[in-house]
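Residue numbers (the working numbering): 1059 to 1711.
All residues carry an ideal CB built from backbone N, CA and C; glycine is no exception.
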Amino acid sequence: MSTKRFSTVFSVLGIYMFLSFLIRITFLIWSAKDVDASLISVLRSFATGIAFDLTAGLCFLFLYVIYLFLLPKRWIGSVLDKVFTYTYLSLTLFIIYFSLMAEIPFWDEFGVRFNFIAVDYLIYTYEVVSNINQSYPLPLVIATLLALVVATFILLHKTEALRKTFSDKSSIRIRAIYAAPLLFTTLLLLGLLQNKQADFSNNAVINELGKNGTFSFFAAFRSNELDYNSFYPKLPEKEIYSIVRKHLLQENQNYTSGQWDNIIRYTKGTNEKRPNVILIAIESFSADFLSTFGNKENITPNYDSLANKSIFFNNMYATGTRTVRGMEALTLCVPPTPGNSIVRRPDNKGLFSTATVFKEKNYHSYFIYGGDGYFDNMNNFFGGQGFDIVDRDRGNPLSDDIPTHRFKIPDNEISFENAWGICDEDLYNQAIKYADKTFAQNAPFFQFVMTTSNHKPYTFPDGKIDLPKGNRNAAVKYTDYALGAFIAKAKKKSWFANTVFVIVADHCASSAGKWEINIDKHHIPAIIYNLPERSQIIDKLVSQIDLMPTLFGYLGWSYNTAFYGKDANETKAYEERAFIGNYRTLGMLKRNLFTQIDDRKRVKQFSVSEKDNSLTEIKSQDKELVSETISYYQTASERFKNGKMKELNKNSQ
């Protein structure tokens, strides 16, 4: 019984399986230092990976198998048959090779297979394609892909797989004997396999090795937003609100009502001050770039100098690993809910945010970004909270529903621009421009300034620093240089003396490591600069969501709040905590214990080394911390879903 008609299918499937195995071996060697598992775990990971590889390979060829099965016998080997085969295989092979090649830089940056970040990259094609073109020689990449496709066809010719495919005129009954098992196996594996089945270990590298990039991509596409109630551990509603109400309340606060699910508190301040506020979120600015934390490269002299004159948070942790998570934390002051950041979700307008508080104090709020703010839904989010938008506005056809004003950064005010936006110096010039404008109108202003220079392709204007472009250290040093130049310019302005600068990272430069959540890869610096006669080190454990409430405390503001973030100076030692998560796994760090929950309703708890933040799982869990962790995340997710995050905003209007 002949199998010749399906020779090409089996050949291409074999090539894909072999290359996927090589990629897996490469990643294992690459991340060997982070592999902390037994040989049995490694073998299990590879076995799981082979199942995912087979599934992905069969999916690539699914339509071709149907075609081979259904094409009438008399047309086998015809021009039509050859044209369809060569066209289908050319496209399929190009996609296969592109996906395999793309996994390498993705693993380099994130230490994981494709996830929801890769899904997002499909939407924002300008930035992504431009970034690829500026980071890698795009013509060479395309030429390499085409060469691989041609080489594969040469191989298929030499092995006579194509000749056999075109010469075997078996009946449809014979072809069904081979097509049916292939199609059935594809559908069966798709029905049985779930990406999270690879997550059997506490070691992130082992789990990711057991996955397939293409399969992971589509799994992320399907679960880009995760419903907390469906996937995560839960407690009764009255219990979780009771726990949250207990832990949120500060000594200078009172709840506005005794309703069991009310978390709105009135904060009583004293000696209220209303300076201008410029919040600078620095792209990918890890704490370990600073000399304060042991860096010997001297790449952040300006930030180090400012920290010595500021309120310096030396034990702060970012909530996530993406810019939108940093924006969410700094604007909404809530723990990172599962799935996509709230910044990117629908129905996210009119939430209680820092802009709400500033608006009540009669501030004019701006969001200033050097790229096109359509990216990651930033314009819709910030505009929806009442910020005026200042961005590059490249005329992207995707609609922005912005109820506020949008101001385009003109070409003649740009000295340098790459895929992600204008250089930090040009961005800070925009901040000064709009500060001057608002100051002239005798109105206090709040600016949320989001930088981009510390991002691949790591390019910036010539002649600014003593390091060559194209690497992370150089980008960090330029970012620091631009910050120093901005402060120097700001000092010459009339508004400087009455302006406070909050300078913080959006997230760290890398998140890869041994564990699903690597605590040391969330450690970020933050300073509050230019408060009158104020220099202080805050070494308390602080979450990124606490930064703005702490600022409001220094300013002595009285206001109603629904923030989960707290004033660090009003937080007792036993209440210090930090929220850390990725899109699937959520956790709370408290009292040297890290409590972790995930979308398989699992709860794990780890002891955290004071030396290097390494994790060791403990079996005898602290039930109180488990309940507290669940309570924070469950209530935050519920409040966004049912609209309660808008409740206080409505009441204040």
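Identity of the residues DSSP links to residue i by a beta bridge
| i | result |
| --- | --- |
| Gln-1663 | Thr-1653 |
| Phe-1465 | Val-1448 |
| Ile-1585 | Phe-1370, Ile-1561 |
| Glu-1475 | Ile-1480 |
| Phe-1637 | Met-1646 |
| Ile-1340 | Ala-1563 |
| Glu-1675 | Phe-1664 |
| Asn-1334 | Thr-1557 |
| Ile-1596 | Phe-1371 |
| Asn-1312 | Tyr-1324 |
Buried or exposed (CB count within 10 angstroms, at least 16 for buried), residue i
| i | result |
| --- | --- |
| Ser-1288 | exposed |
| Gln-1499 | exposed |
| Gly-1453 | exposed |
| Val-1562 | buried |
| Ala-1365 | buried |
| Thr-1145 | exposed |
| Arg-1697 | buried |
| Arg-1635 | buried |
| Gln-1799 | What the structure shows of the chain is the stretch from 1059 to 1711, and residue 1799 is not part of that stretch, so it cannot be assessed. |
| His-1215 | exposed |
| Phe-1076 | exposed |
| Thr-1220 | The question names Thr, but residue 1220 in the sequence shown is Leu. The residue in question, Leu-1220, is buried, as its Cβ has 16 or more Cβ neighbours within 10 Å. |
| Lys-1659 | exposed |
Close Cβ partners of residue i (< 7 Å) along its chain, the five nearest in sequence each way excluded
| i | result |
| --- | --- |
| Ile-1190 | Leu-1196 |
| Val-1123 | Val-1067, Ala-1237, Leu-1240, Leu-1241 |
| Gln-1711 | Per-residue confidence for Gln-1711 stands at a pLDDT of 41, beneath the threshold of 50, marking its modelled position as unreliable; no derived number is given. |
| Lys-1140 | Phe-1224 |
| Arg-1082 | Phe-1104, Gly-1107, Leu-1267 |
| Glu-1355 | Asn-1531 |
| Lys-1598 | Asn-1373, Ala-1626, Thr-1629, Glu-1634 |
Residue i (DSSP reduced to helix, strand or coil)
| i | result |
| --- | --- |
| Lys-1699 | helix |
| Gln-1192 | helix |
| His-1215 | helix |
| Phe-1559 | strand |
| Phe-1425 | strand |
| Thr-1619 | strand |
| Leu-1348 | coil |
| Gln-1602 | helix |
| Tyr-1516 | coil |
| Lys-1152 | Here residue 1152 turns out to be Phe, not Lys, going by the sequence shown. DSSP places Phe-1152 in helix when its eight states are reduced to three. |
| Thr-1389 | helix |
| Val-1507 | strand |
| Phe-1068 | helix |
| Glu-1591 | coil |
| Gly-1441 | helix |
| Tyr-1290 | coil |
| Trp-1133 | helix |
| Leu-1284 | coil |
| Trp-1088 | helix |
| Leu-1525 | coil |
Sequence-distant residues of its chain with Cβ nearer than 8 Å to residue i (five each side left out)
| i | result |
| --- | --- |
| Leu-1126 | Arg-1063, Phe-1064, Val-1067, Thr-1223, Arg-1233, Ala-1237 |
| Leu-1683 | Met-1646, Lys-1648, Arg-1649, Leu-1651, Thr-1653, Gln-1663 |
| Lys-1131 | Lys-1227, Ser-1228, Ser-1229, Ile-1230 |
| Ile-1577 | Tyr-1375, Ile-1638, Leu-1647, Phe-1652, Val-1666, Asn-1671, Leu-1673 |
| Leu-1793 | In this structure the chain extends from 1059 to 1711, so residue 1793 is not present and cannot be described. |
| Lys-1331 | Leu-1613, Gly-1614 |
Cut-off 6 Å between Cβ atoms - residues of its own chain near residue i, not counting five sequence neighbours on either side
| i | result |
| --- | --- |
| Val-1070 | none |
| Met-1059 | With a pLDDT of 47 at Met-1059, under the threshold of 50, the modelled position of this residue cannot be trusted; read the value that follows with caution. So the list is empty, once near-sequence residues are dropped. |
| Ile-1298 | Ser-1689, Gln-1692, Thr-1693 |
| Tyr-1539 | Lys-1522, Ile-1523 |
Nearest-angstrom beta carbon gap, residue j and residue i [assumed within contact, 8 Å]
| i | j | result |
| --- | --- | --- |
| Asn-1260 | Trp-1573 | 7 Å |
| Thr-1084 | Ile-1338 | Rounded, the Cβ-Cβ distance is 38 Å, inconsistent with contact. |
| Phe-1504 | Phe-1416 | 5 Å |
| Phe-1357 | Phe-1347 | Looking at the sequence shown, residue 1357 is not Phe but Ile. Rounded, the Cβ-Cβ distance is 6 Å, consistent with contact. |
| Ile-1575 | Asn-1640 | 6 Å |
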